[in-house]
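Scroll down for the structure; my scribbles are underneath it.
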Amino acid sequence: MIEYKNLVEKINNCTNCCLGYKRTKAVPGEGSFSSDIFLTGEAPGYYEDQSGKPFVGRAGQLLDKLLESINLSRKDVYITNLLKCRPPNNRDPLPDEINACGDYLKEQLEMISPKLIVTLGRYPLTRFLPNRTLANSRGRLMKYKNIPLFSVYHPAAGLRNGNIMAILKNDFTKIPEIMERLNVAKNKDIQTDSQLNLF
Numbered sequence: 004m005i006e007y008k009n010l011v012e013k014i015n016n017c018t019n020c021c022l023g024y025k026r027t028k029a030v031p032g033e034g035s036f037s038s039d040i041f042l043t044g045e046a047p048g049y050y051e052d053q054s055g056k057p058f059v060g061r062a063g064q065l066l067d068k069l070l071e072s073i074n075l076s077r078k079d080v081y082i083t084n085l086l087k088c089r090p091p092n093n094r095d096p097l098p099d100e101i102n103a104c105g106d107y108l109k110e111q112l113e114m115i116s117p118k119l120i121v122t123l124g125r126y127p128l129t130r131f132l133p134n135r136t137l138a139n140s141r142g143r144l145m146k147y148k149n150i151p152l153f154s155v156y157h158p159a160a161g162l163r164n165g166n167i168m169a170i171l172k173n174d175f176t177k178i179p180e181i182m183e184r185l186n187v188a189k190n191k192d193i194q195t196d197s198q199l200n201l202f
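Going by our numbering, the first residue of the sequence shown is number 4, and it counts up by one from there.
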């Protein structure tokens, strides 16, 4: 896909914010361009910065297992982050950094055109839905523009907390049913949060 290659080149050469001058490698994203599922994390970590690939550290290993638990692999989904470069010491993304990468995320979403966005953690959720919080949105099916959006904890949070790990695993088991219902209702316009909240 020529458009995608051009986007990756732009990301790899980006200096829209200070992170572009400090990175080892930019991390555009990877996966299937025809995927129905678009996963968005927060930012690359050390191992992602070294490899140029998203979710390759411990959180990435957990994400692989979560996908395997629902009979999916990285080849079946598209995975990216809000930020395409690693923040120093893995600190939280800053608003100007999120904004600097905003057009890239928008272009990726338009190119992939998924049936479902899965946000991993607080920052991607609030990027798509600014008035939402993880506390009142996790495990709920909502909508960003015309695209259903499902919010879950970030895998890194699951590694730090056993209770969150159990919730995260359970939330991932909902994804196949969500996809099944979306496929059944693909020609119907879902209008309200209550209709979207399947669980």
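Even glycine gets a Cβ: it sits at the ideal position worked out from N, Cα and C. All values reported here derive from a predicted model rather than from experimental measurement.
N- and C-terminal bounds of the beta strand (DSSP E) containing residue i
| i | result |
| --- | --- |
| G44 | 40 to 44 |
| I151 | Note that residue 151 corresponds to Pro in the displayed sequence, not to Ile. Looking at the DSSP string, the run of the beta strand (DSSP E) that includes P151 is 150 to 155. |
| T122 | 119 to 123 |
| K146 | 144 to 147 |
Given residue i as reference, the closest of the options once Cα atoms are compared
| i | options | result |
| --- | --- | --- |
| L162 | Q111, N9, Q64, T27 | Q64 |
| P91 | I82, G23, T136, N15 | G23 |
| N19 | S72, C88, K68, M4 | C88 |
C-beta atoms of residue i and residue j nearer than 8 angstroms
| i | j | result |
| --- | --- | --- |
| P31 | V11 | yes |
| E45 | L86 | yes |
| R130 | I167 | no |
| P96 | Y49 | no |
| K118 | L185 | yes |
| D174 | V155 | yes |
| P151 | L171 | no |
| F153 | I115 | no |
| T136 | T43 | no |
| Q53 | T83 | no |
| C17 | A29 | yes |
Contact set for residue i: own chain, Cβ-Cβ below 6 angstroms, skip 5 residues either direction
| i | result |
| --- | --- |
| P98 | none |
Residue i versus residue j: straight-line alpha-carbon distance, rounded
| i | j | result |
| --- | --- | --- |
| K56 | S37 | 19 angstroms |
| I181 | G165 | 25 angstroms |
| G142 | T176 | 10 angstroms |
| Q111 | A169 | 30 angstroms |
| Y107 | Y147 | 17 angstroms |
| Q198 | M145 | Bear in mind that a pLDDT of 45 at Q198, under 50, signals an unreliable position, so the number given afterwards is only what the model happens to contain. Their backbone Cα atoms lie some 9 angstroms apart in a straight line. |
Residues near residue i by beta carbon distance below 8 angstroms, same chain, minus five either side
| i | result |
| --- | --- |
| K78 | G34, S35 |
| Y81 | G32, E33, G34, S35, F36, S38, I40, F41, L42, Q111, I115, P117 |
Limits of the unbroken alpha helix (DSSP H) element including residue i
| i | result |
| --- | --- |
| N84 | Taken as a continuous stretch (DSSP letters only), N84 belongs to no alpha helix (DSSP H), being part of the beta strand (DSSP E) at 81 to 84. |
| T176 | 165 to 176 |
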